[in-house]
Amino acid sequence: MTRAVYPGSFDPVTNGHMDIIDRASKIFDELIIGVLLNQSKKPMFSVDERVNLLEHLTENYPNVTVKKFDGLLVDFAHKEDARVIVRGLRAVTDFEYELQMAQTNKVIADDLETVFLTTNLKYSYLSSSIVKEIASYDGDIRQFVDPQTEAEIRSKLNDNGGK
Ligand code: COA
């Protein structure tokens with residue numbers, strides 16, 4: 241049985257992330273989405289809100305669970321007894337950062353393998369920040385996120401006076 245973790249900030253989850261989750265859930269027996277409590281980013285959604293959104297979107301995936309984590313990714317993977325780290329590669333610009341992360345993780349945890357899935361071309365330009373920026377100018381984000389996520393982004397922007 242192969243258990244994999246798919247880590248990220250997911251602030252918020254987009255259709256690009258969902259494409260990776262859908263495909264990874266068909267490759268691995270179990271997939272754990274690890275939602276990072278990222279100290280270096282100022283998130284729009286709290287880590288629990290991000291977990292809730294992902295749980296809602298993955299409720300029809302019996303082999304997918306969602307957990308929050310803090311600290312090193314390799315420690316989280318070990319704690320969850322996972323052997324594989326899944327990451328999506330959107331474009332060549334992701335490559336250097338992802339390679340550095342995968343190689344560093346390999347040095348500190350030799351038992352873990354990083355597997356890259358190429359992001360669907362439809363989403364190769366997409367990022368959570370772009371979605372939030374378009375929404376902040378009242379643009380249409382329905383093709384990038386699911387309806388509940390869209391509603392929650394709009395509600396956050398309203399609470400924060402559009403920022
Ligand atoms: N579709 C759409 N967007 C995607 C995407 C996809 N398939 N894959 C990545 N992105 C976007 C995200 O939306 C995000 O956009 P943003 O910067 O506008 O928010 C961006 O790409 C990168 O985000 P993410 O994939 O969430 O990565 P991250 O850089 O926030 O976090 C971790 C990556 C969690 C794997 C890394 O920070 C980590 O391991 N942290 C734990 C600490 C640790 O172990 N450090 C040592 C690592 S060597």
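Our numbering applies: residue 241 is where the sequence shown begins, and numbers increase by one.
Idealized CB from N, CA, C, for every residue including glycine.
Do the stretch 383-402 and the stretch 254-266 touch if we need at least three Cβ pairs shorter than 8 angstroms? Three or more Cβ pairs closer than 8 angstroms define a contact, and the stretch 383-402 meets that threshold against the stretch 254-266.
Apart from the five residues on each side of it in sequence, which residues of its chain come closer than 6 angstroms, Cβ to Cβ, to Ala342? Cβ within range, chain order: Thr354.
Looking at Val304: is its Cβ nearer than 8 angstroms to the Cβ of Ile261? Yes.
Simplified DSSP state of Pro238, which is helix, strand or coil: Here the chain has residues from 241 to 403 only, and residue 238 is not among them.
Proximity below 8 angstroms, CB of Glu336 to CB of Leu329: Here Glu336 is not near Leu329, since their CB atoms are 8 angstroms or more apart.
Cα-Cα separation, Val347 to Gln340: Approximately 11 angstroms, taken between the alpha carbons.
Given Val306, which residues of its chain have a CB within under 6 angstroms of its CB, disregarding the five upstream and five downstream residues? Ile273, Val291, Leu294, Glu295.
Straight-line CA distance for Leu277 to Val287? If you take the alpha carbons of Leu277 and Val287, they lie about 6 angstroms apart.
Nearest CA to the CA of Thr333: which residue from Asp269, Ser367, Leu397? Of Asp269, Ser367, Leu397, the residue nearest in Cα terms is Ser367.
Figure out for me which residue from Leu361, Met241, Thr344, Val245 has the closest Cα to the Cα of Asp259. Nearest C-alpha to Asp259: Leu361.
Have a look at Gly248 and Val324 and give me their C-alpha separation to the nearest angstrom. Here the alpha carbon of Gly248 sits roughly 14 angstroms from the alpha carbon of Val324.
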